[in-house]
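Structure first, commentary second.
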Amino acid sequence: MAQRIAVIGTGYVGLVTGACLADVGNEVLCIDVDPVKIEKLRLGHVPIYEPGLDIVLARAIREERISFSMDLVEAVKTCNILMFCLPTPPGKDGQADLAMVMSAAERVADILVEYAINEPKIVVNKSTVPVGTAARVDAIFKHRAPNHHVDVVSNPEFLREGFAVQDFMNPERIIVGTRSSHAITVMKSIYSAFIGRGSQFVVFDEKSSEIAKYAANAFLAMKISFMNDLSEYCEIVGADIENVRVGIGSDPRIGSRFLYAGIGYGGSCFPKDVKAIIHAANEVGAPLEIIEATKSVNDHQVRRFVTRISDRFDGDIQGKRFAVWGLAFKPNTDDVREAPSFVIISALLAKGAHITAFDPEAAETSRTVLRDTITYADSAYAALDGAHALIIATEWNEFKEPDFPKMASLLTEPIIFDGRNIYELDAMEDRGFEYHSVGRRTILTS
Ligand SMILES: NC(=O)c1ccc[n+]([C@@H]2O[C@H](COP(=O)([O-])OP(=O)(O)OC[C@H]3O[C@@H](n4cnc5c(N)ncnc54)[C@H](O)[C@@H]3O)[C@@H](O)[C@H]2O)c1
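With the working numbering applied, the sequence shown covers 1009 to 1454.
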């Protein structure tokens, strides 16, 4: 049955959630505190780059099933389901900063009381939050709105940026953490349009649901760090990490995904979630040693890459220009939060280098962080003009089959530092490039 749902926080998760829920017939009100974002959305502009989102959103807007507002009172008055898709950034010592989640819960509770809104509400938390958050949110309602019926549900989101619409529409699992049978029934009905063909709808206690989300991200980050750890070893002993990847990834017990060595994981989730679960576990005296190692390997991997670049120029990169292909933390997104490219760029800038970068989608988001410390090229080739070397930081498809002779003619020297291993070694040898990649032999021109 179609529901009237408010999405509180209209970012990567909230906008995709809102658009997909509207697409299957619900009436959705998306709330955000950012007036620019709300205005853009009201004009039909999609404020983020996410493949396929524009189509789903345009349909929902045309059918008048989605609207955008800054008015939380309207949301609480008119919607029985309030989905929190709010940021939980890293706070002090890496712990998840829950200020936005807690203050939104307090505000909703106060609105219920102030406007004497007596219909039962379900508050669904889709933000990634530490264990115990559902209980804390529940306590806020019990304390501030004791005469109002509010069920608090943990419903972690597993979508991947770049595939967010596809993932939301075809989830592998929906996890619902609650003990309220009413909430379970409503959540099942909301997700019924997306469940099927192998996907699971599972109901847990709130705490297990909250930990499952962190465990999923930490495990995937661990797979990446495992390969990155091995990559340095492979470089030293002359093995090829790509062969090792194929060798182990064909075993279904291991699985072939997330086994790519490179310059490490980044993005808005893995780094902050790894830090948050480490902090939360330390707080209760149960250190998670494998996850701690995952983080330190990741930090080391990107620093190691910078050192390799610097060492190639005998530590003297003052005044040298580097082209960077890819700024987004991964392809098919404009998200640059905790992007490894930024770590490399900052380190090179600090040593006096100049950077000209190209990213097919993330120039605008990069500009808000890097401002004019670097030059933004209009095309991949324009970035190469007069550069001493190319650094590949994101494996966008358009970098995979470039015009190598043109690249060689634009670079002052044909040198590539490939942080994503996108080219075959033998082919690079034939093409006459000096080619540094991760966990593989270095190709030198003589
Ligand atoms: N991005 C992902 O791939 C992803 C995937 C799964 C889970 N998550 C989790 O989902 C949560 C949201 O992540 P995101 O990437 O969508 O964040 P985001 O920063 O893209 O979006 C959050 C939005 O909330 C808005 N906001 C902040 N305070 C608000 C308030 N009081 N009321 C209304 N709106 C408010 C912000 O303006 C922003 O538009 C985080 O906990 C994240 O860890 C993210």
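Glycine included, every Cβ here is placed at the ideal spot set by N, Cα and C.
Specify, as a first and last residue, the run of the beta strand (DSSP E) that residue i falls within.
i	result
Arg1012	Arg1012 to Ile1016
Gln1208	Gln1208 to Phe1212
Phe1425	Ile1423 to Asp1426
Ile1192	Careful: Ile1192 lies outside any beta strand (DSSP E), inside the alpha helix (DSSP H) at Ser1189 to Tyr1199.
Phe1076	Ile1074 to Ser1077
Tyr1443	Glu1442 to His1444
Leu1398	Ala1397 to Ile1400
Check the DSSP bridge columns for residue i and list the partner residues they point to.
i	result
Thr1364	Ala1331 and Thr1383
Phe1166	Bridge partners of Phe1166: none, in fact.
Arg1181	Gln1208
Met1108	According to DSSP, which records beta bridges pairwise, Met1108 is partnered with nothing at all.
Asp1159	Ile1130
Pro1154	None, per the DSSP bridge assignment.
Ile1451	Tyr1443
Go through its chain and collect everything with a Cβ distance to residue i's Cβ below 8 Å, but skip five positions before and after it.
i	result
Val1024	Glu1058, Leu1061, Leu1167, Ala1172, Val1173 and Phe1176
Pro1339	Gly1170, Thr1402, Glu1403, Trp1404 and Asn1405
Arg1316	Phe1425 and His1444
Ile1069	Gly1052
Ser1207	Asn1178, Pro1179, Glu1180, Arg1181 and Ile1182
Could you spell out where the alpha helix (DSSP H) holding residue i opens and where it closes?
i	result
Cys1038	Element bounds for Cys1038: not the alpha helix (DSSP H) but the beta strand (DSSP E), Glu1035 to Ile1039.
Lys1048	Pro1043 to Arg1050
Gly1022	Tyr1020 to Asp1031
Met1415	Phe1412 to Leu1418
His1358	Sequence check: residue 1358 is Ala here, not His. Looking at the DSSP string, the run of the alpha helix (DSSP H) that includes Ala1358 is Pro1348 to Ala1358.
Arg1253	Ile1249 to Gly1257
Lys1338	Premise fails: Lys1338 is in no alpha helix (DSSP H) and is neither H nor E.
Lys1303	Glu1297 to Arg1320
Thr1373	Ala1371 to Leu1378
Leu1061	Leu1061 to Arg1070
Ala1388	Ala1388 to Leu1392
Per DSSP, what kind of secondary structure is residue i in: helix, strand or coil?
i	result
Gln1103	coil
Glu1127	coil
Leu1090	strand
Pro1055	coil
Tyr1273	coil
Pro1098	strand
Ile1286	helix
Asn1429	coil
Met1230	helix
Ser1264	coil
Ser1239	helix
Gln1174	helix
Ala1294	coil
Ile1219	helix
Arg1345	coil
Met1009	coil
Pro966	Only positions 1009 to 1454 of the chain appear in the structure, and residue 966 is not among them; the question remains open.
Phe1202	coil
Ile1119	helix
Ile1325	coil
Glu1403	coil
Gln1280	Note that residue 1280 corresponds to Lys in the displayed sequence, not to Gln. Note: Lys1280 maps to helix in three-state DSSP.
Lys1085	helix
Glu1114	helix
Glu1437	helix
So residue i packs on residue j, CB below 8 Å; how close in whole Å?
i	j	result
Cys1093	Gly1017	4 Å
Thr1381	Arg1329	About 13 Å; that fails the 8 Å criterion.
Leu1065	Ala1027	5 Å
Pro1164	Ser1197	The pair is not a contact, with the Cβ atoms about 19 Å apart (cut-off 8 Å).
Pro1179	Phe1202	6 Å
Glu1250	Arg1448	7 Å
Asp1393	Leu1418	5 Å
Once the 5 residues before and after residue i are set aside, which same chain residues still bring their CB inside 6 Å of it?
i	result
Tyr1443	Ile1424, Met1436 and Ile1451
Ser1188	Asp1159
Ser1374	Leu1335 and Val1344
Met1108	Leu1094 and Pro1095
Lys1280	Pro1098
Ser1233	Thr1302, Val1305 and Asn1306
Asn1225	Cys1277, Phe1278 and Asp1281
Lys1048	Pro1055
Cys1242	Ile1249 and Gly1447
Phe1441	Pro1422 and Ile1424
Val1351	Val1310
Residues in its own chain within less than 7 Å of residue i by CB, not counting five upstream and five downstream?
i	result
Ala1191	Ile1130, Asp1159 and Val1161
Tyr1199	Ile1182 and Phe1209
Asp1118	Arg1152
Val1032	Ala1201
Ligand 2 and residue i: does any heavy atom of the ligand fall closer than 6 Å to the residue's C-beta?
i	result
Glu1297	What this structure holds is ligand 1, not ligand 2.
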